Amino acid sequence: MRAFQILIDGFAISALYALGATGFTLIFGVSGVLNLSHGAIMVAAAVAAWAAASILGVGTYAGALIGVGVALLTAFLTYFAVVKPIQDSRRIPNEEKEIFVLTGTLLWGIMIQELIAYFFTNNAKTVLPIVEGVVDILGVRTPKNEIFTAIVCCLVIGLLWLLVNRTRTGKAVLAASMNPRGVTLLGLELTNIYIVVWAIYGILAGIAGVLLGMFLGVSSYSVGPLTASAFSIVVLGGLGSVSGSLIAAFVVGYLETLTAYLVSPAYRTIPALLLLVFVMYIRPQGLLGRR
Amino acid sequence: MAGFFTSRLFFISLALVIIAATLPLYVSGYVLGLLTVAFYFGVFAMAWDLLFGFAGEVNFGPTFLIGVGAYTAGILNAQFGWSVYLCIVLGALASVIAGLVLALPALRVRGPYFGLTTLVAVLMLQNFIVVFADLTGGEIGLTIPDVITINAGANYWIALAFMTISAAILYGLSQSPVGLVLQASGQDPVQAGALGFNIVKHKLAAFIVSAFFSGLSGALLVFYFGTASVGTVVDVAVGVNVIVSAVLGGRRTVLGAALGAIFLIVAGEFLRPTGELATFIVSAVALLVVLFFPGGFLGAALSREARS
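Those protein sequence lines, which keep their order, are chains A and B. Each residue of the first sequence is one higher than the one before, starting from 1220 at the first, in my numbering. Each residue of the second sequence is one higher than the one before, starting from 9 at the first, in my numbering.
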């Protein structure tokens, strides 16, 4: 009974983590950018969906769409207002661009977080779920919303896989992650590829954010922990490796659920952090990372 | 190095310190209290800059070193009643040991991996403090019975003297041959190694120095506040402030980091009437500086001087 509960809850959480981390790792793989405003973009999506559905009353579907749209816009804004100016800057030496992107996106994330807190307060918000009610799976009363979350996450990740491996644009993205200079030599504009990647990222982060808002609820305080969990999942899996991130998301998701159920919810994050330190010790490049 | 004592930077710094030292004669205790905290923050930022600006290591967890120093000093005083000065020294030592423990595995990895290891260290420390609440006071914080002094002016002078001495040592170190080797190993480790310098030893030394000053400053800050809490010395947000201070003031300048910290804390106080938007405005200003003056305040000033 309890084992099934852990299995089901853990799956939904892990699928959500996986979706959140995939976009993050994709951007790093293709353009070498670690976007520390990730959590803020997810929360912005959830809060927008909540505001559209609860304050404007546009309905749950339109609200979810608006949430994803806001995430897409914020992702583009992040790229054009923060990341691109730093990458193009001549005053910042190349070897320091990484730390500048980190600092810049971190500040940008704090700005988004503060704006959300200013206009919508710090209170936790739960987005109205698209599907309501509970079903009984193997003796566990499971909210339908939880199943919906897991299914959407798996579907979106599947679609992403098709997009990357089966379409021309996706192949260009893949090629850019392997060898940016080679792609340029083949006559593809690298900036266009980056825009595509940021668009994919915005949509993924938006869907993850809206689902998170329906499943667990968000507040402006979730920004930091969300970024940190995506960051650690991605490093655990190996920076830039999408399949590594997926595995790591499930490892972390189940580890957290197990701890929360069997030990205490207060210690929830500790085993995952210990595992992370352990992996960094014996395999610094992460589970599936390339050096 | 000898040229420094005749340089314009030296005279400006000297004048600033002298002006700052006379402040208790004519400003209120409120301003002094604010600046006292700002000076301790300045030391945090300078210690961070030594590690990042010179050794090229992005330490996302400055508050790990600060927190270990602060909490060791606080716990020894609150639980065992040891004297304040002994606690401060032991706090700094604990921070050095923590720095060593962190540095040995962390220096095996580079770039973002190093950053993450240091970030995880902060999260672990935070969890540790909450889990062992009996010893550490948990989320509420630890109340410390002793303080160095309750005189606002004396506290201010202690902080100013501490910052000035730390600045002199850290700046001197950064301009010394050791600092140059550090800078070389940060920019091109392979070439620096090929020239026969032991990079790991130098980086480890930088880590120890950075940890020593972070821990010492953290311990002093705890005895100024009279409490140690996660929100003031450990939280990731505090670490972010330290990093932003250093980048804002100008990385690789050491002294600029202190200026950035003072600016950040004073600006935060001036913006208090704007309420919740204060953090937004400070972050926005910091982002604009990062985008348009990547050298920071001091970097921009120094490059203008070099050009003219």
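The beta carbon of each residue, even a glycine, is placed where N, CA and C say it ideally should be. Owing to the predicted nature of the structure, the values given are computational and were not obtained by experimental measurement.
Closer than 9 angstroms to chain B by CB, residue i
i                    : result
arginine 1310/A      : yes
tyrosine 1413/A      : no
leucine 1325/A       : yes
phenylalanine 1450/A : yes
glycine 1443/A       : yes
glutamate 1314/A     : yes
methionine 1330/A    : yes
phenylalanine 1518/A : Given a span of 1220 to 1510 for chain A in the structure shown, any question on residue 1518/A remains unanswerable.
glutamate 1475/A     : no
proline 1484/A       : no
proline 1399/A       : no
alanine 1336/A       : yes
arginine 1266/A      : The amino acid at residue 1266/A is misidentified as arginine; the sequence shows valine. Not closer than 9 angstroms to any Cβ of chain B, the Cβ of valine 1266/A fails to qualify, so no.
As assigned by DSSP and simplified to three states, the class of residue i
i                 : result
isoleucine 148/B  : coil
threonine 1361/A  : strand
threonine 287/B   : helix
valine 92/B       : helix
alanine 1240/A    : helix
valine 1437/A     : strand
arginine 1510/A   : No answer about arginine 1510/A holds up, because its pLDDT of 49 lies below 50 and its placement is not dependable.
threonine 172/B   : helix
alanine 63/B      : coil
alanine 1272/A    : helix
alanine 1343/A    : coil
threonine 1297/A  : helix
threonine 1488/A  : coil
threonine 235/B   : strand
asparagine 1411/A : helix
isoleucine 1311/A : coil
serine 225/B      : helix
asparagine 159/B  : coil
valine 1482/A     : coil
methionine 9/B    : Unreliable positioning characterises methionine 9/B in this predicted model, as indicated by a pLDDT of 49, which lies under 50. A coordinate reading is not provided.
aspartate 142/B   : helix
Residue from the options with nearest C-alpha to residue i
i                 : options                                    : result
isoleucine 1419/A : Gly1239/A, Leu1235/A, Ser1233/A, Phe1230/A : Gly1239/A
serine 1441/A     : Ile1335/A, Ile1426/A, Met1499/A            : Ile1335/A
serine 174/B      : Leu263/B, Ala86/B, Phe300/B, Ala106/B      : Leu263/B
alanine 100/B     : Phe52/B, Asn85/B, Gly223/B, Gly82/B        : Gly223/B
valine 274/B      : Val39/B, Ala29/B, Ser218/B, Leu24/B        : Val39/B
glycine 1242/A    : Ile1225/A, Leu1253/A, Ile1232/A            : Leu1253/A
leucine 1430/A    : Ala1268/A, Ile1227/A, Leu1226/A, Phe1223/A : Ala1268/A
glycine 303/B     : Ala23/B, Asp57/B, Val25/B, Phe52/B         : Asp57/B
glycine 1436/A    : Pro1362/A, Lys1344/A, Gly1425/A            : Lys1344/A
leucine 143/B     : Gly77/B, Ser182/B, Leu178/B, Ile83/B       : Ile83/B
leucine 1255/A    : Val1498/A, Tyr1500/A, Gly1323/A            : Gly1323/A
Counted within 10 angstroms of its Cβ, other Cβ atoms place residue i as buried (16 or more) or exposed
i                : result
leucine 94/B     : exposed
leucine 1275/A   : exposed
proline 1374/A   : First, the amino acid is wrong: residue 1374/A is leucine here, not proline. Exposed, by the Cβ-count rule.
aspartate 1307/A : exposed
lysine 5/B       : With chain B represented from 9 up to 316, any question about residue 5/B goes unanswered, as that position is not in the structure.
lysine 1390/A    : exposed
threonine 1386/A : exposed
alanine 1468/A   : buried
arginine 1309/A  : exposed
valine 1461/A    : buried
valine 1354/A    : exposed
valine 241/B     : buried
arginine 259/B   : buried
methionine 54/B  : buried
arginine 1510/A  : With a pLDDT of 49 at arginine 1510/A, under the threshold of 50, the predicted position of this residue should be treated as unreliable, though the coordinate-derived value follows. Arginine 1510/A is exposed by the Cβ-count criterion.
Contact with chain A by residue i, beta-carbon distance below 9 angstroms
i                   : result
alanine 309/B       : no
leucine 150/B       : no
isoleucine 251/B    : yes
methionine 132/B    : yes
phenylalanine 305/B : no
threonine 261/B     : no
glutamate 277/B     : no
serine 182/B        : no
glycine 64/B        : yes
alanine 292/B       : yes
phenylalanine 88/B  : no
leucine 124/B       : yes
proline 302/B       : yes
methionine 9/B      : For methionine 9/B, the predicted model reports a pLDDT of 49, less than 50, meaning its position is unreliable and no value from the coordinates is stated.
Chain E residues whose Cβ lies nearer than 9 angstroms to that of residue i
i                 : result
isoleucine 1227/A : Although the question refers to chain E, the structure presented lacks it and instead comprises the protein chains A and B.
Original post:
Whole alpha helix (DSSP H) runs in the segment 1346 to 1406 of chain A with 4 or more residues, listed along the chain?
Top reply: 1363 to 1385, 1387 to 1397, 1399 to 1404
**OP:** Run through the segment 15 to 68 of chain B for me and flag every whole alpha helix (DSSP H) of 4 or more residues, listed as ranges in chain order.
**Re:** 16 to 30, 37 to 57
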